[in-house]
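Structure first, commentary second.
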Amino acid sequence: MRRHADPYLTGIGIGCLLLAAYVLAGQGLGASGAFASVAAALTAAAIGTAKAAASPAVAPYLPEGVTSPLRDWLVWELAGVAAGGFVSAWRAGRLTWTAERGPRVSPTTRTVAALAGGAVMGIGAKFARGCTSGQALSGGALLSVGSWIFIVTAFAAAYLCAPLARRLWL
Amino acid sequence: MIGLHRSLAVAAMLLGGAAAASEVTGSAGPRSLASDIAAGRDWTTAVALAERIKAGEPMSVFDLRTRDEYERFHIPSAAHATFATLIDAPLPRSVPIVVYAGDSVRAAQAWALLRVRGYRHVAYVREGLYEWIARVHEPALALDATAAERMAFERLAVLSRYFGGRPRLDVPRAEIPAGYWTTGDDRVRPSMATALLVAAIRRRGC
Amino acid sequence: MTGSDSAIPSLAIAFALGGVFGWLLERAGLGSARTLVGQFYLANLTVLQVLFSALVTAMLGAFWLDRAGLLELGTVYVPETFAVPQAIGGLLFGGGLLLAGLCPGTSCVAAATGRRDGLAVMAGLVIGILVFNSAFDSLERVYASTPLGTRTLPDLLHLPSGVVIALVAGAAVLLFAAAERQMGRRQS
């Protein structure tokens, strides 16, 4: 198993990637939007496109009657993220089949926490119009005020919640 | 690794420091303005502006004519401004600014003024409001238009209707100056054609 | 931010950019929930180091590329600011991150490298968004409140961008140095 790369160098690599995105695509990277597209597609599949498009929360993710997330830039980007992550782990011998969890909790607890945490993040990402990739990273580099508000509050909340979740991780 | 990290930190601080230093003179200095002018980065066309407004791109558009003229007709989404406003107003720095007037002199002066104030993304509409009227508000198609002209007109007509304009069909060829279609929205130097067009519209007293 | 451009080149670019992103994230170890969460128990500094060096690199790069005429900063999409909802969103996101151990992007990396908890986080994200959507009528007022439009720190502070960039870069370097010193003290 190869050692992980230097975090600063990796960060600089990601920064250069972000610049490539600005130049090639006129926008930064993102992630949560892709999940919103999937949610919109599921909604449309469940209750029909027309009713889904009537909801102001769902409508922006159903442009011009296209219900397939396959048309979404962010979905393709995340597919790339998965592929890239896979290749990196594969070449470094870090592929595994496991469920990471702290030493004191059961796999079930971990799964419940992951689902719950994911749900809370999903709601937070909607309010914030993005997540660590879209707001903190891409928006932060462009010095958007909202992105920096997100950075500060997200880090603060994470540090404040850490003592409460010790049992989960340590 | 420590040595590398230290070098990276120094590089980051140097680049940051240089960025700060360049703001004091760099982007607002004569060399920078002259380079923008030479490269044609200082002006834009009415059609290009129209397409950006239609696309919902965030930007600030300012009309530099008198308040009266502004109230009678102005480019949709434009706000009124005077030189006094432009000298002091704390405009957002990350949003592109476009200025226009009745002609290019005033607008170009405002461009220079804003650039000197340190705003980096400023442009002026070369022939001002009259270019907007001629190309966006009332694009004209000749009776004996060629196929190429018809296609170009279709694009302009869509744009025009979006802004509540009135595309004019079947205009006698004599009323359309030579070069109206060839000097479309490419970034070419304005030709005699555009000048004639502008003069014709001024005579009509729009 | 969605873009449903059906042009193949645009989606191919998205895939390629994502590919390098995922590769780099995995190389840094952020495809692992325990590594990521370690930041908040001060067991490691990976999140801080990766995120802020990426941010500073892109920030400096964007400024200088714009100066060199290679990038038109005025045309790059800058997310709009909604002060209150984004603060609320940040607080929720940070708390959720602690519970889940992975953020949306890294959850994909985790899932793709065989970590089942990554899949659970991904499912949770979709569920959370569905919950938000169904409750949107009551949430809309807060969601749309305090819109400040496209507002950047230079606008807010009435400082030229170059100065703000220098301040942020300097602050980041100081943060790295202080964090490393703290880590050094804890481990010795």
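Residue numbers (the working numbering), protein chains in the order written: chain V, 243 to 412; chain A, 282 to 487; chain U, 184 to 371. We treat Cβ as the ideally placed atom computed from N, Cα and C, and that holds for glycine.
Please determine, among V:Val362, V:Val394 and V:Ala361, the residue with the shortest C-alpha to C-alpha distance to Gln377 (chain V). For the purposes of this step, residue 377 (chain V) is identified with residue 135 of the first sequence, where counting begins at 1. Comparing Cα-Cα distances from Gln377 (chain V) to each of V:Val362, V:Val394 and V:Ala361, the minimum goes to V:Val394.
DSSP on Trp324 (chain A), reduced to helix/strand/coil? Counting from one through the second sequence, the residue named residue 324 (chain A) turns up at place 43. Trp324 (chain A) falls in the strand class under three-state DSSP.
Measuring straight from C-alpha to C-alpha, what distance separates Gly297 (chain A) and Phe246 (chain U)? In the second sequence, the residue the question calls residue 297 (chain A) occupies position 16. In the third sequence, the residue the question calls residue 246 (chain U) occupies position 63. One C-alpha to the other measures close to 10 Å.
Would the stretch 351-365 of chain V count as touching the stretch 263-280 of chain U if we require 3 or more Cβ pairs under 8 Å? The stretch 351-365 of chain V vs the stretch 263-280 of chain U: in contact.
Looking at Leu337 (chain V): is its Cβ nearer than 8 Å to the Cβ of Ala273 (chain V)? What you label residue 337 (chain V) is simply residue 95 of the first sequence in a count that begins at 1. What you label residue 273 (chain V) is simply residue 31 of the first sequence in a count that begins at 1. Not in contact: Leu337 (chain V) and Ala273 (chain V) (Cβ atoms no closer than 8 Å).
From the DSSP output, which residues share a beta bridge with Gln332 (chain U)? Locating residue 332 (chain U) in the third sequence gives position 149, where the first residue counts as 1. In the sequence under discussion, the amino acid at residue 332 (chain U) is Gly, which differs from the Gln named in the question. Gly332 (chain U) pairs with U:Thr264.
If I follow the unbroken beta strand (DSSP E) through Tyr351 (chain A), where does it start and stop? Reading the second sequence from its first residue, position 70 is the one you call residue 351 (chain A). Here Tyr351 (chain A) belongs to no beta strand (DSSP E); instead the alpha helix (DSSP H) covers Arg348 to Arg353.
Output the distance between the C-alpha atoms of Arg409 (chain V) and Arg217 (chain U), rounded to the nearest integer angstrom. Residue 409 (chain V) sits at position 167 when you count from the first residue of the first sequence. Residue 217 (chain U) sits at position 34 when you count from the first residue of the third sequence. Arg217 (chain U) has its alpha-carbon roughly 13 Å from the corresponding atom of Arg409 (chain V).
Can you tell me whether Asp451 (chain A) is buried or exposed? The criterion is at least 16 other CB atoms within 10 Å of its CB, across all chains shown. Residue mapping note: residue 451 (chain A) aligns to position 170 of the second sequence, counting from 1. Asp451 (chain A) comes out exposed.
With a CB to CB cut of under 8 Å and the five nearest residues on each side skipped, what residues in its chain are close to Ala383 (chain V)? Residue numbering aside, residue 383 (chain V) sits at position 141 when the first sequence is read from its first letter. Excluding residues within five positions, the ones whose Cβ falls inside 8 Å are Gly257, Leu260 and Gly270.
Please determine, among A:Gly383, A:Ala293 and A:Leu345, the residue with the shortest C-alpha to C-alpha distance to Ser236 (chain U). Here the question's residue 236 (chain U) lines up with position 53 in the third sequence. Out of A:Gly383, A:Ala293 and A:Leu345, the CA that lies nearest to the CA of Ser236 (chain U) is found in A:Ala293.
Is Thr252 (chain V) helix, strand or coil when you go by DSSP? As a working mapping, residue 252 (chain V) is identified with position 10 in the first sequence. Looking at Thr252 (chain V) - three-state DSSP - the assignment turns out to be helix.
Could you pull the DSSP bridge partners for Ile378 (chain A) from this structure? Translated into positions along the second sequence, residue 378 (chain A) becomes position 97. Answer is A:Ser341 and A:Val403, bridged to Ile378 (chain A).
Following the continuous alpha helix (DSSP H) through Arg287 (chain A), name the residue where it begins and the one where it ends. Reading the second sequence from its first residue, position 6 is the one you call residue 287 (chain A). Counting along the chain, the alpha helix (DSSP H) containing Arg287 (chain A) begins and ends at Ile283 to Val305.
Where does Val452 (chain A) sit, in a helix, a strand or coil, going by DSSP? Residue numbering aside, residue 452 (chain A) sits at position 171 when the second sequence is read from its first letter. Three-state result, Val452 (chain A): strand.
For Val314 (chain U) and Ser321 (chain U), the rounded distance between their alpha carbons: Here residue 321 (chain U) is taken as the residue at index 138 of the third sequence, counted from 1. Here residue 314 (chain U) is taken as the residue at index 131 of the third sequence, counted from 1. When rounded, the separation of the alpha-carbon atoms in Ser321 (chain U) and Val314 (chain U) is 12 Å.
Between the CA atoms of Ala398 (chain V) and Phe343 (chain A) - distance to the nearest angstrom: Residue 343 (chain A) sits at position 62 when you count from the first residue of the second sequence. Residue 398 (chain V) sits at position 156 when you count from the first residue of the first sequence. Near 41 Å, if we compare the C-alpha coordinates of Ala398 (chain V) and Phe343 (chain A).
Residue-chain proximity (Leu231 (chain U), chain A), Cβ-Cβ < 8 Å: On the third sequence, position 48 is the one that residue 231 (chain U) refers to. Taking Cβ atoms only, chain A never reaches closer than 8 Å to Leu231 (chain U), which makes this a no.
Any chain A beta carbon closer than 8 Å to Trp206 (chain U): Position 23 of the third sequence, counted from the first residue, corresponds to residue 206 (chain U). False, the Cβ-Cβ gap to chain A never drops below 8 Å.
Report the three-state DSSP secondary structure of His418 (chain A) (helix, strand or coil). Residue 418 (chain A) sits at position 137 when you count from the first residue of the second sequence. It is helical.
For Ala293 (chain U), which residues from the same chain have a beta carbon less than 6 Å from its beta carbon, with the 5 sequence-adjacent residues on both sides left out? Along the third sequence, one-based indexing puts residue 293 (chain U) at 110. Non-local beta-carbon contacts of Ala293 (chain U) in its own chain, meaning distances under 6 Å to residues more than five positions away in sequence, involve Gly214, Leu285 and Gly301 in chain order.
Start and end residues, beta strand (DSSP E) containing Ala359 (chain A): On the second sequence, position 78 is the one that residue 359 (chain A) refers to. From DSSP, the beta strand (DSSP E) with Ala359 (chain A) extends over Ala359 to His361.
Residues of its chain near Pro448 (chain A), where Cβ-Cβ distance is below 6 Å and the 5 sequence neighbours each way are ignored: Locating residue 448 (chain A) in the second sequence gives position 167, counting from the first residue. Excluding residues up to 5 positions away in sequence, Pro420, Ala438 and Ser441 lie with their Cβ nearer than 6 Å to the Cβ of Pro448 (chain A) in the same chain.
As a quick exercise: from A:Thr366, A:Ser288 and A:Ala389, pick the residue whose alpha carbon is nearest that of Ala404 (chain A). For the purposes of this step, residue 404 (chain A) is taken as the residue at position 123 of the second sequence. Comparing alpha carbon positions, the residue from A:Thr366, A:Ser288 and A:Ala389 closest to Ala404 (chain A) is A:Ala389.
Taking only the alpha-carbon atoms, compute the straight-line gap between Gly367 (chain U) and Tyr224 (chain U) and give it to the nearest angstrom. For the purposes of this step, residue 367 (chain U) is taken as residue 184 along the third sequence, with counting starting at 1. For the purposes of this step, residue 224 (chain U) is taken as residue 41 along the third sequence, with counting starting at 1. Answer to the nearest angstrom: the Cα atoms are 14 Å apart.
Output the distance between the C-alpha atoms of Ser386 (chain V) and Ser193 (chain U), rounded to the nearest integer angstrom. If you number the first sequence from 1, residue 386 (chain V) lands on position 144. If you number the third sequence from 1, residue 193 (chain U) lands on position 10. Distance between the alpha carbons of Ser386 (chain V) and Ser193 (chain U): 25 Å.
Are Ala360 (chain U) and Leu231 (chain U) close, meaning C-beta to C-beta below 8 Å? By 1-based counting over the third sequence, the position of residue 360 (chain U) is 177. By 1-based counting over the third sequence, the position of residue 231 (chain U) is 48. For the 8 Å CB-CB criterion, Ala360 (chain U) and Leu231 (chain U) do not form a contact.
Measuring straight from C-alpha to C-alpha, what distance separates Val233 (chain U) and Gly445 (chain A)? Locating residue 233 (chain U) in the third sequence gives position 50, where the first residue counts as 1. Locating residue 445 (chain A) in the second sequence gives position 164, where the first residue counts as 1. Looking at the two C-alpha atoms, the distance is approximately 50 Å.
Counting only Cβ pairs nearer than 7 Å, list the residues of chain U close to Ala278 (chain V). Counted from its first residue, the first sequence places residue 278 (chain V) at position 36. What Ala278 (chain V) touches in chain U: Ile312.
Under 8 Å, do Ile254 (chain V) and Gln269 (chain U) count as touching if we go by C-beta distance? Locating residue 254 (chain V) in the first sequence gives position 12, where the first residue counts as 1. Locating residue 269 (chain U) in the third sequence gives position 86, where the first residue counts as 1. Contact flag unset, no.
When the Cα atoms are used, what is the spatial distance from Gly244 (chain U) to Leu336 (chain U)? Translated into positions along the third sequence, residue 244 (chain U) becomes position 61. Translated into positions along the third sequence, residue 336 (chain U) becomes position 153. Our two residues, Gly244 (chain U) and Leu336 (chain U), have alpha carbons roughly 17 Å apart in a direct line.
Give a yes or no on whether 8 Å exceeds the smallest Cβ distance from Tyr303 (chain V) to chain A. Counting from 1 along the first sequence, the entry for residue 303 (chain V) is found at position 61. Contact of Tyr303 (chain V) with chain A is not assigned, every C-beta pair being separated by 8 Å or more.
4-residue-minimum alpha helix (DSSP H) runs that sit fully inside the stretch 314-365 of chain U, ordered along the chain: The stretch 314-365 of chain U contains, as complete alpha helix (DSSP H) runs of 4+ residues, the segments 319-326 and 336-340 (chain order).
CB contact below 8 Å: Ser375 (chain A) versus chain U: Counting from 1 along the second sequence, the entry for residue 375 (chain A) is found at position 94. At least one beta carbon of chain U lies nearer than 8 Å to the beta carbon of Ser375 (chain A).
Cα separation between Ala327 (chain A) and Pro302 (chain V)? By 1-based counting over the second sequence, the position of residue 327 (chain A) is 46. By 1-based counting over the first sequence, the position of residue 302 (chain V) is 60. Pairing Ala327 (chain A) with Pro302 (chain V), the inter-Cα distance amounts to about 30 Å.
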